[in-house]
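These notes are about the structure you will find just below.
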DNA sequence: GCCATTTTGTTCTCGCGTTCACAAACTTCT
DNA sequence: AGAAGTTTGTGAACGCGAGAACAAAATGGC
């Protein structure tokens, strides 16, 4: 009954934990599909590829959803995390820049299955307008304002070349978008009230190359 | 002349710094294209979107490539970072899984321009064999061993569905690949001598949705 | 009903990374 | 040449996150 803490507002989840919650969700989904109904922190941690102490600490920020001596109810915990993350809602999303990457993102089933609905595909190139990708028609970039206004879109995805990314971001912010996922290899300048997240496809590859390089030079020295 | 430290082997660069070096490289490339020859840490930090003190500390792990009272020579610093990262070399790469994402990755110009050369595209689906993507023909997955052996490939990219990712990873390791970039939404189990890096396209979106959710519920409470 | 066992939730400690602040070093102006 | 002004490189303080270790709570056997 009084399980909820008296100071709901104080529940500030560390950023590092928030970043791992999607991983736990994914692991729980897999467990659920395999028919597992109960799992220990040890088991779930192994499935998510993290330390079990870290997992328990992460979950403790959300509340006490486990049972000592038993473990966690897979579906219950899954729902609680999903609710906390906003994954039980439906999030309309617009994708700007329908090149190779934009195509791939529009077709990516992982978005839809996690509550993201692609409501519009926009591109500045006239040649692409009218093309249907993943069941959605590609429209002119200038339709951005109207679409964001009508559909209440809060999240925008940028998959354009680096040169146009800042301009697209400015227009998005102007239209009312407050969260941007940027796939263009560029640093975006936006107001403090807009959240920007960046995915750099080649960055990870460069880090791997660095470690390969190091392995090689270390063997030379030895 | 004796600028190099006496203990080259001790130069261990923190992982957090390594992760930012590609960002600096990108910013330096932009500056160079714009005709800038000299830049201060303040200027470069702004272009890279980080704190200037952090930038200076990061660069200090590589050596003393700046001049006090002046700043950094853009092209010189760029070369030094590239050399340290292994970006002056050519890295052969194989991509497995030529669906939407694999297509996009094969066509991504950012790989080639950073020293990565896609030497093979592999897919388990017969229907796709023979198709030419980005100038490279799609071949059967079973060719993996031969290609890795012939071309001395060290880095592999997985762009398959989650279900086949672990199997692909096992085969890659078996063939001699020591670094894997995984785009499949799955935790890979590999030996400790293999480096695995993961890019989750929907994870970042989920984190953004969390913050949107939080903004909304906070306003309700207020 | 009590004890042994299991597993969660939490406290504590340690180490890494970020940032501040300043000395060292270089340039330019007088 | 010396002083004033810049800007780098780094020592030191601080804060956050990771992981070990343990207390609290639930189950099951006797």
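Chains as they are written, first to last, in the working numbering: chain F, 3 to 224; chain S, 3 to 224. Backbone N, C-alpha and C fix where the C-beta goes; we use that ideal spot for every residue, glycine too. Values in this document were obtained by computation on a predicted structure and should not be read as measured data.
1. So which of F:220, F:221 and F:211 has the shortest CA-CA distance to residue 88 of chain S?
2. How big is the Cα-Cα spacing for residue 22 of chain F and residue 115 of chain F?
3. With which residues is residue 124 of chain F paired in a DSSP beta bridge?
4. Excluding the 5 residues flanking residue 84 of chain S on each side, which residues of the same chain have their C-beta closer than 7 Å to its C-beta?
5. For the putative contact between residue 164 of chain S and residue 187 of chain S, defined by C-beta atoms under 8 Å, what is the C-beta separation to the nearest angstrom?
6. Spatial neighbours of residue 138 of chain S within its chain, please: C-beta separation below 8 Å, excluding the five flanking residues on both sides.
7. Helix, strand or coil: how does DSSP classify residue 119 of chain F here?
8. Can you give the beta carbon distance from residue 79 of chain F to residue 161 of chain F, rounded, assuming they're within the 8 Å contact cut?
9. With the cut-off set at 8 Å, would you say residue 69 of chain S and residue 49 of chain S are in Cβ contact?
10. Tell me the rounded alpha-carbon separation between residue 15 of chain S and residue 198 of chain S.
11. Cβ of residue 207 of chain S less than 8 Å from any chain F Cβ?
12. Would you report the Cα separation of residue 81 of chain S and residue 45 of chain S, rounded to the nearest angstrom?
13. Check the C-beta distance from residue 158 of chain S over to residue 209 of chain S and give it rounded, since I have them as a contact under 8 Å.
14. Would a check of beta-carbon distances place residue 116 of chain S closer than 8 Å to chain F?
15. Could you tell me whether the Cβ of residue 42 of chain S comes closer than 8 Å to any Cβ of chain F?
16. For my contact list, residue 77 of chain F and residue 34 of chain F are in at a C-beta cut-off of 8 Å; report their separation, rounded to the angstrom.
17. Given this structure, state the Cα-to-Cα distance separating residue 153 of chain S from residue 20 of chain S, to the nearest angstrom.
18. Taking residue 92 of chain F as the reference, give the member of F:216, F:155 and F:183 with the closest Cα.
19. Does any residue of chain S bring its CB to less than 8 Å from the CB of residue 189 of chain F?
20. Identify the contact partners of residue 107 of chain S in chain F, using a Cβ-Cβ distance below 8 Å as the criterion.
21. Assign residue 135 of chain F to one of three DSSP states: helix, strand, or coil.
22. What did DSSP end up calling residue 68 of chain F once you bin it into helix, strand or coil?
23. Please determine if the segment 168-184 of chain S and the segment 140-147 of chain S are in contact, where contact requires at least 3 C-beta pairs separated by less than 8 Å.
24. Quick one: what does DSSP say residue 53 of chain S is sitting in, helix, strand or coil?
25. Under 9 Å, CB to CB, which of the residues in the segment 90-103 of chain F have a partner in chain S?
26. Pick helix, strand or coil for residue 15 of chain F, following the three-state DSSP scheme.
27. In the DSSP assignment, the beta strand (DSSP E) including residue 182 of chain F goes from what residue to what residue?
28. Take residue 169 of chain S as the anchor and find which of S:149, S:125 and S:194 has the nearest alpha-carbon.
29. Only counting the same chain, and skipping five residues up and downstream in sequence, which positions put a Cβ closer than 6 Å to that of residue 73 of chain F?
Reading from the atomic positions:
1. F:211
2. 18 Å
3. F:98 and F:141
4. 27 and 90
5. 5 Å
6. 108, 120, 121, 122 and 123
7. strand
8. Not quite, the Cβ-Cβ distance comes to about 33 Å (not below 8 Å), so this is no contact.
9. no
10. 19 Å
11. yes
12. 18 Å
13. So it is not a contact: roughly 27 Å between Cβ atoms.
14. yes
15. no
16. 6 Å
17. 27 Å
18. F:155
19. yes
20. 203
21. strand
22. strand
23. yes
24. coil
25. 91, 93, 95, 101, 102 and 103
26. coil
27. 181-184
28. S:125
29. 40, 41 and 42
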